[in-house]
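According to the UniProt record's numbering, the sequence shown is numbered sequentially starting from 352.
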Amino acid sequence: VGSLKFEEVSFQYNDRPILQGVSFEVPLGKKVAVVGDSGAGKSTLIKLLFRFYDVDRGCISINGQNIKAMSLQSLRRLIAIVPQDTVLFNDTLYANIRYGRPEATQQQIEHAAKVAHLTEFIESLPDKWQTKVGERGLKLSGGEKQRVSIARAVLKSAPFLVFDEATSSLDSRSEQAILNALRDAAKGHTSLVVAHRLSTIIDADMIVVLSQGKVVETGHHTQLINAG
Ligand code: ADP
Ligand code: ADP
């Protein structure tokens with residue numbers, strides 16, 4: 352577990368400024384939520400963190416080390432990501448959670464499923480595919496699928512967790528289940544969350560409000576009554 356810092360980060364596509372002088376810190380073990388309108392630059396922040404692109408100016412550092420000085424492999428090993436969209440294949444959730452981690456033990460997989468509140472579904476298929484185990488197939492909601500990604504992230508057991516919250520609407524039960532899963536998964540992690548829901552924002556230790564590529568507000572939700 353460590354801290355994550357964006358310092359005066361600027362980035363442009365072609366000649367168009369996308370992020371301009373973005374600074375904020377995710378302290379050790381805390382959860383920071385980034386909010387902002389569509390096009391504000393939230394996804395670009397995540398892409399820069401994973402070095403899909405490099406910053407034009409400024410610096411992103413992890414535990415005080417510039418991410419440019421790390422190998423991509425060691426950088427990406429430090430960060431588990433829960434993407435907006437979860438792609439599942441036609442096998443049990445157990446197999447889906449284990450995907451890409453053949454070395455994971457049954458105990459680790461069951462623990463990850465538990466943290467993501469998926470224990471009751473672990474032997475189920477993710478969709479209405481009937482080919483393999485017939486009636487065990489069920490139709491997972493978007494929220495349940497995202498919890499599979501949370502379980503995968505827990506299984507990765509990296510010190511940093513990035514959660515790209517789905518924008519699609521969820522019923523309140525799914526929303527609460529994701530929030531609980533995220534809260535449990537975030538324990539012991541330093542987390543950066545791209546948030547779309549009020550519940551996620553309220554839960555964060557700090558909120559960064561991004562608008563047209565700039566940080567326009569930072570603070571706890573109780574301090575940001577007038578924001579956005
Ligand atoms: P958000 O995630 O907040 O919706 P993005 O980071 O996706 O915002 O996008 C920020 C801006 O960058 C938008 O204006 C978007 O059109 C632009 N943008 C995103 N990806 C690309 C790209 N690959 N090429 C050019 N412009 C892009
Ligand atoms: P590992 O290589 O440790 O098995 P993963 O299988 O989770 O890790 O994925 C490889 C790496 O690719 C991740 O650590 C992450 O950095 C990156 N990655 C995967 N999916 C995404 C995504 N949707 N957005 C950004 N980065 C991603």
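Quick reminder that beta carbons are idealized off the backbone N, C-alpha and C, glycines included.
Thinking Leu536 and Val466 are a contact (beta carbons under 8 Å), I'd like their distance in whole angstroms, please.
Numbered from 1 along the sequence shown, position 185 holds the residue referred to as residue 536. Numbered from 1 along the sequence shown, position 115 holds the residue referred to as residue 466. With the sequence shown as reference, residue 536 is identified as Ala, and Leu is not the correct amino acid for it. Contact between Ala536 and Val466 holds, since their C-beta atoms are separated by about 5 Å, short of 8 Å.
Which residues does DSSP pair with Asn417 in a beta bridge?
Taking the first residue of the sequence shown as 1, we reach residue 417 at position 66. Asn417 pairs with Ser412.
The region 425-436 contacting the region 445-459, beta-carbon criterion three pairs below 8 Å
No, the region 425-436 does not touch the region 445-459.
For His373, which residues from the same chain have a beta carbon less than 8 Å from its beta carbon, with the 5 sequence-adjacent residues on both sides left out?
Counting from 1 along the sequence shown, the entry for residue 373 is found at position 22. The sequence as given places Val at residue 373; His does not occur at that position. Answer for Val373: Phe357, Glu359, Val360, Ser361, Gly392, Leu396, Gly409, Leu561, Gly564, Lys565 and Val566, listed in chain order.
Proximity test, Ala391 beta-carbon vs ligand 1 heavy atom, cut-off 7 Å
Within the sequence shown, the letter at position 40 stands for residue 391. True, at least one ligand heavy atom lies under 7 Å from that Cβ.
Would you check if the distance between the CB atom of Leu355 and the CB atom of Val385 is smaller than 8 Å?
Here residue 355 is taken as the residue at index 4 of the sequence shown, counted from 1. Here residue 385 is taken as the residue at index 34 of the sequence shown, counted from 1. No Cβ-Cβ contact shorter than 8 Å links Leu355 with Val385.
Residues bridged to His521 by DSSP?
Position 170 of the sequence shown, counted from the start, is the residue given in the question as residue 521. The amino acid at residue 521 is misidentified as His; the sequence shows Leu. According to DSSP, Leu521 shares a beta bridge with no other residue.
I'd like to know whether the C-beta atoms of Gly494 and Glu471 end up nearer to each other than 8 Å.
What you label residue 494 is simply residue 143 of the sequence shown in a count that begins at 1. What you label residue 471 is simply residue 120 of the sequence shown in a count that begins at 1. The Cβ-Cβ distance between Gly494 and Glu471 does not fall below 8 Å.
Thinking C-beta only, is Ala509 closer than 8 Å to His468?
Position 117 of the sequence shown holds residue 468. Position 158 of the sequence shown holds residue 509. No, the pair does not count as a contact, with Cβ atoms beyond the cut-off.
Would you kindly report the start and end of the unbroken beta strand (DSSP E) that includes Gln363?
Taking the sequence shown and counting its residues from 1, the one referred to as residue 363 is at position 12. Note, Gln363: beta strand (DSSP E), Leu355 to Tyr364.
Beta-carbon within less than 6 Å of Gly485's beta-carbon, same chain only, minus the 5 sequence neighbours each way: which residues are those?
Translated into positions along the sequence shown, residue 485 becomes position 134. Unreliable positioning characterises Gly485 in this predicted model, as indicated by a pLDDT of 47, which lies under 50. The coordinate reading is nonetheless provided below. So the list is empty, once near-sequence residues are dropped.
So is the beta-carbon of Ile413 under 7 Å away from any non-hydrogen atom of ligand 1?
Counted from its first residue, the sequence shown places residue 413 at position 62. Ile413 has its CB no nearer than 7 Å to any heavy atom of ligand 1.
Which one of Val505, Ala528 and Thr551 has the shortest CA to CA distance from Glu516?
Looking up residue 516 in the sequence shown gives position 165. Nearest option by C-alpha distance: Thr551.
In three-state terms, what does DSSP make of Thr443?
If you number the sequence shown from 1, residue 443 lands on position 92. Coil, per DSSP.
Which residues bound the alpha helix (DSSP H) around Gly494?
For the purposes of this step, residue 494 is taken as residue 143 along the sequence shown, with counting starting at 1. Counted as a single uninterrupted DSSP element, the alpha helix (DSSP H) harbouring Gly494 occupies residues Gly493 to Lys507.
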